[in-house]
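Engineer: Structure below; questions to follow.
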Amino acid sequence: MTEDDSIDEARLRELSEQAAALPRSIDPPSGAWAGIRSAIEADRNAPFDREQVATPHPAFWQRPIFLAAAAVALVAGSSVVTAVAMREIANRGNTVVAASPERPSETLTQSSSGPASLAQFTVVESDYLRAVNDLSATLESERGSLSPETIAKLRESLRIIDTAILEARNALAADPANRTLIEMLANSYEQKVDLLKRTTEMGRG
Amino acid sequence: MNRRMLRLVIALMTLAGRAEAQTKVERGMHLNADGSVRISNLVGSVRVIGWDRDSVALRGSLPKGDKLFMGGGPQGMKMFVEPLNDRNPQPSALEVMVPARAKVWVKTATASIDVSGVTGELDLYVVSGTIRVSGNPSELNAEAIDGDIHVTGDPGWLRAKSASGDVTLKGTSDDVALSTVSGAIAVNGGKLERAKIESVTGPIRFAADIQRGGALDIDTHSGTLEFTIPRDTGADFDVASIAGSITNELNYSRPTKGRYGRGAELVMTNSSGGARVKIRSFKGPVTLRSAK
Chain A
153 MTEDDSIDEA RLRELSEQAA ALPRSIDPPS GAWAGIRSAI EADRNAPFDR EQVATPHPAF
213 WQRPIFLAAA AVALVAGSSV VTAVAMREIA NRGNTVVAAS PERPSETLTQ SSSGPASLAQ
273 FTVVESDYLR AVNDLSATLE SERGSLSPET IAKLRESLRI IDTAILEARN ALAADPANRT
333 LIEMLANSYE QKVDLLKRTT EMGRG
Chain B
58 MNRRMLRLVI ALMTLAGRAE AQTKVERGMH LNADGSVRIS NLVGSVRVIG WDRDSVALRG
118 SLPKGDKLFM GGGPQGMKMF VEPLNDRNPQ PSALEVMVPA RAKVWVKTAT ASIDVSGVTG
178 ELDLYVVSGT IRVSGNPSEL NAEAIDGDIH VTGDPGWLRA KSASGDVTLK GTSDDVALST
238 VSGAIAVNGG KLERAKIESV TGPIRFAADI QRGGALDIDT HSGTLEFTIP RDTGADFDVA
298 SIAGSITNEL NYSRPTKGRY GRGAELVMTN SSGGARVKIR SFKGPVTLRS AK
């Protein structure tokens, strides 16, 4: 074991102790979901239309309601919660940006850990949304490489995934500790990120 | 009669014109038995056939003015078609014989990809063409946006993804991941060890066996799931639907109301157990059956 490893281990232990001292769940600020939902709905008809993704409306994370939600989540959870939540997600194979073809067996050995509540998932969700936004912007800048028919079919697929996200998110808002719903929601986000990533890569010839 | 003759003459002239507009190509190169081949063709078709020789042979038909580039060495080579007009590429047909153990990478836009007899690794990408693979590649990664993917054979490792296209597997594999958004997924006949199958709205039909000690995960948002295994397959089931129904015709276990007060759940063991089956559906109906 190197010196760096022991430092990491000590730091990890310290983080774990700090994480253990935190409340097990935090309710999201009221209205946080409303901001996210309106962003998804606005995005639905033109999923990678630059005008809708970035301008003329301010991006959803620049809206006061989301900034407030992010600030509260940051203060309440601190970076420790983020680190713990992200590590749990990584452990179960739910990386935000899909890796190039990982072995399916790796994705099948998911543990039951992961975000246990809507509040924890909200932290992870912002990463998914950021990834979606980045990939949508990239795709928009390279859209000339895809035929109009393919773009139309891609939009339809993204709309279908957005509808699934919206339905699962609404159900989770009513039942914030439902881990099955959290898994489903994470799965839908991953499919969206993966589809955007694959399309971007394919368009590059 | 005269009108009929005129139509025939016009048809023959059109066919002759098309044939004249195509250029035939034939090339060959030495390639190690486990060498790599990369093929790129935007429109038309790519057919890859594995053979028992340390060489690559290409036969193709290109639109007049298009160019075929082919180069490399014994360890790796690539070929691609450069269209005369890349804004409006015309169909090219490539038929490529490769060493059976070669690693093959093919990328197209709307061209179909057809691979047979390759036992090496396959990486196949289409935007809207169809991918067909038959044989037993050691690894197969197939991706489409709105094209179908059809696999017949026993790939050691399989990963197939489409969005609106259908994905089918007829065969056996140790390690499978199939995914669509709205496309249908069908697994038929084989015996799987580890598998993950997911769709958003696409229907899923699973009619296969699971190895003892294997693991199967199926996720769908609103697609219907028809799940059929042999009656005596030992498996431990964990099935949950948030708002959909679960129908069990596999054995006498009955689903219960979901633990969160809605939907349905079914936790049961079939036969003596062994394989792990986890099914998650948001609102698509789930039906479990035994094979006749």
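Protein chains in written order, with this note's numbering: chain A, 153 to 357; chain B, 58 to 349.
Where a beta carbon is used, it is the ideal one built from N, C-alpha and C, also for glycine.
Bear in mind the structure is a predicted one, so any value in this text is a computation, not a measurement.
1. Along the beta strand (DSSP E) that carries N245/B, what are the first and last residues, could you check?
2. Report the neighbours of R350/A on chain B: residues whose CB is nearer than 8 Å to its CB, in chain order.
3. Measuring CB to CB, does A201/B end up less than 8 Å from S219/B?
4. Residues in the same chain with beta-carbon distance under 6 Å from D293/B, minus the five sequence neighbours each way, listed in chain order, please.
5. Would you kindly work out how many angstroms separate the C-alpha atoms of D295/B and A272/B, rounded to a whole number?
6. Over what stretch of residues does the beta strand (DSSP E) that includes T304/B continue unbroken?
7. Might you give, ordered along the chain, the residues of its own chain that have their beta carbon closer than 7 Å to the beta carbon of L125/B, omitting 5 neighbours on each side?
8. Using a Cβ cut-off of 8 Å (strictly closer), state whether Q343/A contacts chain B.
9. Within 8 Å (strictly less), CB to CB, does S309/A reach chain B?
10. According to DSSP, is T167/B helix, strand or coil?
11. Within 8 Å (strictly less), CB to CB, does A348/B reach chain A?
12. Between S257/A and chain B, is the shortest Cβ-Cβ distance under 8 Å, so that the two count as touching?
13. Curious, which full-length beta strand (DSSP E) runs of at least 3 residues does the stretch 130–211 of chain B contain?
14. Taking K164/B as the reference, give the member of N98/B, A157/B, V224/B and M154/B with the closest Cα.
15. Are W108/B and A157/B closer than 8 Å when you measure CB to CB?
16. Could you pull the start and end residues of the alpha helix (DSSP H) that E319/A belongs to?
17. Using a Cβ-Cβ distance under 8 Å, would T290/A count as near chain B?
18. Under a CB-based cut-off of 8 Å, is V163/B close to chain A?
19. Are there any heavy atoms of the ligand MN lying less than 7 Å away from the beta-carbon of A325/A, as far as the coordinates show?
20. Ends of the beta strand (DSSP E) at E83/B?
21. What does A297/B touch in chain A if you count any residue whose Cβ is under 7 Å from its own?
22. With H, G and I counted as helix, E and B as strand and the rest as coil, what does DSSP make of L273/B?
Structural biologist: Taking the structure as given:
1. I242 to S256 is the span of the beta strand (DSSP E), which, as asked, contains N245/B.
2. In chain order: E200, I202 and K218.
3. Here A201/B is near S219/B, since their CB atoms are less than 8 Å apart.
4. Hits under 6 Å: T326, G330 and R333.
5. Computed Cα separation, rounded: 11 Å.
6. For T304/B, the enclosing beta strand (DSSP E) has its first and last residue at I303 to N305.
7. Excluding positions up to five away in sequence, the list reads V82, G117, L119, M136 and V138.
8. Cβ-Cβ to chain B under 8 Å: yes for Q343/A.
9. The beta carbon of S309/A falls within 8 Å of a beta carbon belonging to chain B, placing the residue at that interface.
10. T167/B: coil per DSSP, three-state reduction.
11. The C-beta of A348/B comes no closer than 8 Å to any C-beta of chain A.
12. For S257/A, the predicted model reports a pLDDT of 42, less than 50, meaning its position is unreliable; a value from the coordinates is still stated below. It does: the Cβ of S257/A has a partner Cβ on chain B nearer than 8 Å.
13. Counting only runs of 3 or more, we get 133–139, 149–156, 160–165, 169–173, 178–182, 188–192, 196–200 and 206–210.
14. Selected option, being the one with the closest Cα: N98/B.
15. Cβ atoms of W108/B and A157/B: closer than 8 Å.
16. Where E319/A is concerned, the enclosing alpha helix (DSSP H) stretches over P300 to A326.
17. Any Cβ of chain B closer than 8 Å to the Cβ of T290/A would place that residue at the interface, and such an atom is absent.
18. So no, V163/B is outside the interface.
19. With respect to the ligand MN, the structure offers nothing, as it holds no ligand at all.
20. Element bounds for E83/B: Q79 to H87.
21. Neighbours of A297/B in chain A, taken as residues whose beta carbon is under 7 Å from its own, are T332 in chain order.
22. L273/B falls in the strand class under three-state DSSP.
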